[in-house]
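Residue numbers (numbering that gives the first Met the number 0), protein chains in the order written: chain E, 0 to 203; chain H, 0 to 203; chain V, 0 to 203; chain C, 0 to 203.
4 protein chains.
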Amino acid sequence: MDAAQPLIAAGRRFDARGWVLGTSGNFSAVVSRDPLRLAITRSGTHKGELTPDDILEYGDGVVLRGEGSASAETALHVEIVRARGAGAVMHTHSIWSTLLSHRYAEDGGLAISGYEMLKGLSGIASHEHREWLPILENDQDMPRLATVAAQVLADHPECHGFLLRRHGLYTWGATPAEAVRHVEILEFLLESVARSKETASWRS
Amino acid sequence: MDAAQPLIAAGRRFDARGWVLGTSGNFSAVVSRDPLRLAITRSGTHKGELTPDDILEYGDGVVLRGEGSASAETALHVEIVRARGAGAVMHTHSIWSTLLSHRYAEDGGLAISGYEMLKGLSGIASHEHREWLPILENDQDMPRLATVAAQVLADHPECHGFLLRRHGLYTWGATPAEAVRHVEILEFLLESVARSKETASWRS
Amino acid sequence: MDAAQPLIAAGRRFDARGWVLGTSGNFSAVVSRDPLRLAITRSGTHKGELTPDDILEYGDGVVLRGEGSASAETALHVEIVRARGAGAVMHTHSIWSTLLSHRYAEDGGLAISGYEMLKGLSGIASHEHREWLPILENDQDMPRLATVAAQVLADHPECHGFLLRRHGLYTWGATPAEAVRHVEILEFLLESVARSKETASWRS
Amino acid sequence: MDAAQPLIAAGRRFDARGWVLGTSGNFSAVVSRDPLRLAITRSGTHKGELTPDDILEYGDGVVLRGEGSASAETALHVEIVRARGAGAVMHTHSIWSTLLSHRYAEDGGLAISGYEMLKGLSGIASHEHREWLPILENDQDMPRLATVAAQVLADHPECHGFLLRRHGLYTWGATPAEAVRHVEILEFLLESVARSKETASWRS
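Below, the structure is given as structure tokens:
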């Protein structure tokens, strides 16, 4: 599948940064929109060592091509593709996203503003932009979590990603390259926000 | 030995993350169960630069194939294989495991709960799982330490690993791939626990 | 272009350290001085994956060779080349420069002194040197920001770099190799300054 | 020179960890003892990108083979080889050694004890060992600094390394491989000591 290569490359890139340890993370790319067909990572694989066989074709609720199960979180990918018209969806699971998604869970999200790096998000032209990153309670009931995600996407039509509590980041893009860029931008911003909190105690 | 390649690859992977500096860390895989034969890393090697010659075959208390001594901690590997029926055992020596194994030594262990990453541990289906990671006092008397380890494994039949105080992590799996996954999961969780402690002082 | 290779190599090096995430960062090298011609990175590229086609030739306010737009911050490169006679200019966007450029913004800059690493800056012979790293307010109005930068360079004729608030580091050198060295030196010093702040609370 | 390859490999390894940024760090290996001949890194090179031409032969106070100048700190290497009978000397310049060498400068050194990793130091058999890492004031007067270093080595005949204030770590070994191991061990211990300090504020 042509869609496999950018997902494999994304996995290597994120693995080098420690964002997809264990078998965490999952990625998809839209193969066709009508009917909706996704290239998506197989469940249980290490995302830093993907091979073409680890990228399945999914549609109509089943795996259409390839062996094994599609990512357990496929329903979230489908919701995001539908709600945003995304061409690719990526989920990473970094230390900083895990930490902040818990720290700000009770606020329902996290506002990020004032950083030049925000301009790397699609459609943002200034560091003065205020990005709201919603935080969803983690849930092992996937249909229920997908319903919540759909509602969050509807409530926050401008957001470029969301966090699952102690479960990491979801973001997306028109293409796999844009989704990779959004992962890097948001992970950078999350680490920046977390580390800058520590500076508050530096000097009077 | 066919068992050598996954151990060599594991070493490179862990070295890239700084988990096997110096000559720290050791890995084994079960070659046969009756009689028990282990492929195990040679003592004194750098685990990021292993060659097939650095993987020895061990059984009946002696090195059966290869030159040099088996890891000084071979007795711990044998106890774990016996107690858990593991197919591979891996010991890493990261900053975070070193730090937390000392910080929580007096509690006898460390509880980890609420993290999605816990689902990467064999048999765990929910982030609501509470993993107890026992901490053993470090000891240069290997037979004595192996006896303590056997007791800890008996006392905590559900645990997926344990820490040696200021000496790092032991974990295991049915296969080398599962043991590698458990290393990555537990190291991620330890870093998450340590860094989240620092957030407690962020804001009221 | 012969000038392309060192810029491509610099990008890979900085990417490995997480200093050019997303599409952040930009690099240039002087191809000729009269008329002024710069080899400069294309806007919107990932600096860790540059190809020769991503390095454009710029002069007289326009792209003379190559497709796409020159970096949005080209005007800053031109000001630095003119003010300092630099042969190469590099902008990185690390966590630590982002953090410190905000923390010390109201002081107008940051003094660094006492570090042996300072000797890696061109013309500095002792760790007792005091380097003043000016901080400029970030601004999406490029001509205005370039004017401010020109003034800062005139006011601080000895400085080896400057920070843009929450936007990272600019430095330069007689050659691309010297500019790369200055990036590494200054990024090291910024991380050192930031982490040493945290030690103030260690013990009485 | 046969001695070049392990120094080149050491440089790549340390560069990957950020311990030789800019042109910091220098390495040597004894080629012959009588007369004393050292293979030593050329001044001004990036230690992550060394080529065989960057390794000079030095003896009788001059460069005997190769072009350029030997490391500015060659006199320290010579003192260490003489005082310890070392076969290789390595100087790295990490964030943590920079930070701790300043924090504990007034104590004249830093004691490290209780870590299993200490056993990676030559001749150490237990984590209960107490390693004293002397700290020397940094000095641009090399003959004077070499005299101080000789005195420190005489005063602390058991030490495996020393720190220069805000200038990093010196360590050595019977062979380049042992010196590399000592670098990794001591850098691990320094990061462990620094990070464990931060845990003191975690909970009552």
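Each residue gets a CB set at the ideal place from its N, CA and C atoms; glycine is no exception.
Apart from the five residues on each side of it in sequence, which residues of its chain come closer than 8 Å, Cβ to Cβ, to residue i?
i, result
"V:ALA82", "ALA149, LEU152, ALA153"
"H:SER203", "In this prediction, H:SER203 scores a pLDDT of 41, lower than 50, which makes its location untrustworthy; no coordinate-derived value is stated."
"E:ARG129", "ALA110, ILE111, SER112"
"E:GLY122", "none"
"H:TYR114", "HIS126, LEU188, SER191"
Per DSSP, what kind of secondary structure is residue i in: helix, strand or coil?
i, result
"E:ARG180", "helix"
"H:GLU157", "coil"
"V:ILE123", "coil"
"E:GLU190", "helix"
"E:ALA9", "helix"
"C:GLU115", "helix"
"C:ALA71", "coil"
"V:TRP131", "strand"
"H:LEU185", "helix"
"C:GLU48", "coil"
"C:TRP171", "strand"
"E:THR40", "strand"
"C:THR91", "strand"
"V:SER203", "Its pLDDT being 41, under 50, V:SER203 is placed unreliably in this model, and the coordinates cannot settle the point."
"E:ASP64", "The amino acid occupying residue 64 of chain E in the given sequence is Arg; Asp does not appear at that position. Looking at E:ARG64 - three-state DSSP - the assignment turns out to be strand."
"E:VAL207", "Given a span of 0 to 203 for chain E in the structure shown, any question on residue 207 of chain E remains unanswerable."
"H:ALA85", "coil"
"C:GLU78", "helix"
"C:GLU197", "helix"
"V:GLU136", "coil"
Please classify residue i as buried or exposed, where buried requires at least 16 neighbouring CB atoms within 10 angstroms.
i, result
"E:ALA199", "exposed"
"V:ARG180", "buried"
"H:GLY84", "exposed"
"H:THR50", "exposed"
"H:GLU183", "buried"
"C:GLY119", "buried"
"C:GLU56", "buried"
"E:TRP18", "buried"
"H:ALA69", "buried"
"H:ALA124", "exposed"
"C:GLU186", "buried"
"C:ASP140", "exposed"
"V:SER31", "exposed"
"H:GLY10", "buried"
"H:GLU136", "exposed"
"E:VAL80", "buried"
If you drop the 5 nearest sequence neighbours on each side, which residues of the same chain put their C-beta closer than 7 Å to that of residue i?
i, result
"E:THR22", "GLY43, THR44, HIS45"
"V:HIS76", "SER27, LEU37, ILE39, VAL88"
Give me, in chain order, the residues of the same chain whose beta-carbon lies closer than 6 Å to that of residue i; leave out the 5 immediate sequence neighbours on both sides.
i, result
"V:PRO175", "PRO5, ALA28, ALA87"
"V:TRP95", "LEU189, GLU190, ALA193"
"C:ALA145", "ALA74, LEU75, GLU78"
"H:ILE7", "LEU49"
"H:ALA104", "ILE134, ARG164"
"V:PHE13", "VAL19, THR91"
Sort the options by Cα distance to residue i and report the nearest one.
i, options, result
"E:HIS155", "E:GLY119, E:ILE134, E:ALA69", "E:ILE134"
"H:PRO142", "H:ALA2, H:GLU72, H:ASP1", "H:GLU72"
"H:HIS90", "H:ASP140, H:SER195, H:LEU20, H:HIS101", "H:LEU20"
"C:GLY65", "C:ALA74, C:ILE54, C:GLY58", "C:ILE54"
"H:ASN272", "H:TYR169, H:ALA15, H:GLY58", "Since the first residue shown for chain H is 0 and the last is 203, residue 272 of chain H is missing from the structure and cannot be characterised."
"V:PRO34", "V:ASP59, V:ASP140, V:ARG41, V:ARG11", "V:ASP59"
"H:GLU127", "E:GLY108, E:HIS166, E:LYS196, E:MET116", "E:HIS166"
"V:LEU117", "V:LEU63, V:ALA3, V:HIS159, V:ALA2", "V:HIS159"
"C:GLY108", "C:ARG16, C:THR97, C:LEU132, C:ALA15", "C:LEU132"
"H:SER100", "C:LEU98, C:THR97, C:SER195, C:ALA2", "C:SER195"
"C:ASN2", "C:ASP106, C:PHE13, C:ASP52", "First, the amino acid is wrong: residue 2 of chain C is Ala here, not Asn. Residue C:ASP52 is the option with its Cα nearest to C:ALA2."
Report the neighbours of residue i on chain D: residues whose CB is nearer than 8 Å to its CB, in chain order.
i, result
"E:GLU197", "No chain D appears in the structure shown, which is made up of the protein chains E, H, V and C."
Inset, instruction - Could you please tell me which residues of the stretch 17-35 of chain V, in chain order, have their CB closer than 8 Å to any CB of chain E? - result: GLY17, LEU20, GLY21, THR22, SER23
Inset, instruction - Output, in sequence order along the chain, the residues in the stretch 134-147 of chain H whose CB is closer than 7 Å to any CB in chain C. - result: ASN137, GLN139
Legend entry - Residues in the stretch 98-120 of chain E having any Cβ partner in chain V nearer than 7 Å: GLY113, TYR114, GLU115, MET116, GLY119
Inset, instruction - Below 9 Å between beta carbons is the criterion; list the residues of the stretch 164-191 of chain E that meet it against any residue of chain H, in chain order. - result: ARG164, ARG165, HIS166, GLY167
Inset, instruction - For the stretch 77-88 of chain C, enumerate the residues whose C-beta is nearer than 7 Å to any C-beta of chain H, in chain order. - result: none
Legend entry - Members of the stretch 35-51 of chain H near chain C, C-beta cut-off 7 Å: none
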